[in-house]
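Colleague:
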Amino acid sequence: MRKYEEEHYQYDKIKDKIYPWVKNELTDQQALNGKNFSEKDTPVIGFAGDLKIIFVIKRGEESYEVLKDAMLPPEITVEELYHTACENLVRDVEFVIGNTWYGGFGIIADGVHEASSVCFRHIWQVCADKLKDDLVIYVPHKDTVIFAPASQQKVVEQLRDHAKGAYEAEGDKISLQPYFFSKERKELTTYEN
């Protein structure tokens with residue numbers, strides 16, 4: 016019996032529990048099997064800069080398992096998987112915008128999926144439209160996504176310091192690379208100051 020044929024991994028039973036996680040390194044402290052996975056055995060999508068998207072299956076209230084290639088039936092493509100995972104995320108996780116003390120903003124969710132917010136261009140487009148500016152975005156930690164209007168250099172500097180502090184915290188680090196969301200082009204790219 017192949018892995019994806021086992022009852023525990025049958026796609027019809029897990030597809031509503033699959034979510035995208037944004038990573039830099041292919042490791043995760045929270046996932047049940049998060050210590051040993053690679054692009055050789057895991058569906059991975061390259062994203063902006065050094066960011067990658069992996070997929071996890073929610074197994075319990077606070078329990079996740081990294082989805083491996085062997086757990087997917089061969090007819091499911093990575094693109095289909097990505098769309099399914101994003102639909103599940105939109106359905107199950109509420110993303111809220113919060114203010115920082117220095118004039119920046121942060122994404123607040125459930126402590127697990129904040130970094131996944133970078134998957135949604137519409138979040139960034141709404142923020143850019145409301146602020147009437149391009150955005151500088153940091154994803155330093157699994158539970159931390161912060162951003163500021165790109166034209167406000169002092170705020171962007173404090174944003175960078177905030178990102179460094181979050182990156183140094185315990186848990187799942189992601190990246191200190193700043194990202195740029197262009198209001199005009201509607202795309203997320205790496206930011207060169």
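Numbered by our numbering, the letters in the sequence shown go through residues 16 to 208 in order. Where a beta carbon is used, it is the ideal one built from N, C-alpha and C, also for glycine. Quick caveat, the model's predicted, so the values are computed rather than measured.
I think S190 touches L66, with their Cβ atoms under 8 Å apart; what is that distance to the nearest whole Å?
Modeller: Yes, S190 and L66 are in contact; Cβ-Cβ is about 7 Å, under 8 Å.
Colleague: On a Cα-Cα basis, can you pick out the residue from E40, Q44 and A181 that is closest to E54?
Modeller: Nearest C-alpha to E54: E40.
Colleague: Name the DSSP beta bridge partners of E80, please?
Modeller: E80 is bridged to I72.
Colleague: Could you say if the segment 117 to 127 and the segment 149 to 161 meet the contact criterion of at least three C-beta pairs nearer than 8 Å?
Modeller: As far as the Cβ criterion goes, the segment 117 to 127 touches the segment 149 to 161, which means the pair count is three or higher.
Colleague: Over the uninterrupted alpha helix (DSSP H) stretch that includes A130, give me the two end residues.
Modeller: Per DSSP, A130 belongs to no alpha helix (DSSP H) and is neither H nor E.
Colleague: Suppose you measure from the CA of E90 to the CA of Y194; what does that come to, to the nearest Å?
Modeller: Answer to the nearest angstrom: the Cα atoms are 34 Å apart.
Colleague: Within 10 angstroms of its Cβ, does P35 collect 16 or more other Cβ (buried), or is it exposed?
Modeller: Answer is buried; the Cβ neighbour count reaches 16.
Colleague: Please classify H177 as buried or exposed, where buried requires at least 16 other C-beta atoms within 10 Å of its C-beta.
Modeller: Buried: at least 16 other Cβ atoms inside 10 Å.
Colleague: Do D148 and S166 have their CB atoms nearer than 7 Å?
Modeller: Cβ distance < 7 Å, so D148 and S166 count as in contact.
Colleague: Among the candidates I60, S131 and V59, whose CA atom is the shortest distance from the CA of V111?
Modeller: That would be S131, whose Cα lies nearest to the Cα of V111.
Colleague: Hey, F70 and P58: beta-carbon distance below 7 Å or not?
Modeller: Going by C-beta atoms, F70 is nearer than 7 Å to P58.
Colleague: Near K50, what residues of its chain come up, given a Cβ to Cβ distance below 7 Å and the 5 sequence neighbours on each side ignored?
Modeller: Taken in chain order, the residues that qualify are T42.
Colleague: Only counting the same chain, and skipping five residues up and downstream in sequence, which positions put a Cβ closer than 7 Å to that of T99?
Modeller: Closer than 7 Å at Cβ, skipping near neighbours: K30 and I33.
Colleague: Provide the residue span of the alpha helix (DSSP H) that contains K169, from first to last.
Modeller: Run containing K169: Q168 to E183, per the alpha helix (DSSP H) assignment.
Colleague: What residue does the alpha helix (DSSP H) around L104 start on, and which one ends it?
Modeller: From DSSP, the alpha helix (DSSP H) with L104 extends over V93 to D107.
Colleague: Taking C-beta to C-beta, are V154 and A163 nearer than 7 Å?
Modeller: Contact flag unset, no.
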